[in-house]
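As structure tokens, the structure follows; a few thoughts come after it.
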Amino acid sequence: MDSFKFDTIESALEDIRQGHIIIVVDDEDRENEGDFVMAAEKITPEAVNLMATHGRGLICTPVTRQRAFELKLDSMVLENTESHETAFTVSVDARKGTSTGISAGDRSNTITALIDENTKPDDFRRPGHIFPLIGAEGGVLRRAGHTEASIDIARLA
């Protein structure tokens with residue numbers, strides 16, 4: 021297997037502050053994958069397009085439990101049986117500034133709405149094309165997941 025060079029936490033935080041995308045990897049014994057991560061405040065349609073094109077997975081937005089409560093983002097399922105207990109909520113699209121919800125611009129607008137403190141629960145259509153994930157209280161010290169790492173990185177940056 022090829023060896024990889026990992027950046028320092030300080031370097032990753034600086035990249036996040038500058039609006040760059042970083043890749044957060046987990047352990048081989050967990051999901052053994054890397055997720056694209058960037059500050060939601062810096063999201064652009066171009067960044068969403070890069071993630072969708074090269075990441076080829078769902079576009080998710082980690083949120084705190086408090087933010088999920090404020091926006092009435094209910095759990096996607098009553099009983100979470102996913103192997104790592106990733107806390108998916110119902111997917112959403114912003115009502116304002118979007119059409120079908122699937123375009124990179126629409127998804128960028130939805131992510132921006134999720135972090136806007138003026139956004140209300142009724143400002144979203146459900147289901148949608150962005151998948152909020154609720155981070156565990158205590159961050160990576162409580163759950164070593166990409167969701168918690170993303171929230172912790174954003175707070176530190």
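Residues 21 to 177, numbered by my numbering, are exactly what the sequence shown covers, in order. Where is the CB? At the ideal position from N, CA and C, for every residue including glycine.
With contacts defined as CB atoms closer than 9 angstroms, residue 57 and residue 68 fail to qualify as a contacting pair.
A direct Cα-to-Cα measurement between residue 64 and residue 146 gives close to 22 angstroms. In the DSSP assignment, the residues bridged to residue 81 are 152. Around the beta carbon of residue 138, fewer than 16 other beta carbons lie within 10 angstroms, which makes this residue exposed.
Rounded to whole angstroms, the Cβ separation of residue 104 and residue 51 is 7 angstroms, and the two are in contact under 8 angstroms. Here DSSP, grouped into helix, strand and coil, assigns residue 158 to coil.
One Cα belongs to residue 28, the other to residue 166, and the distance between them is close to 17 angstroms.
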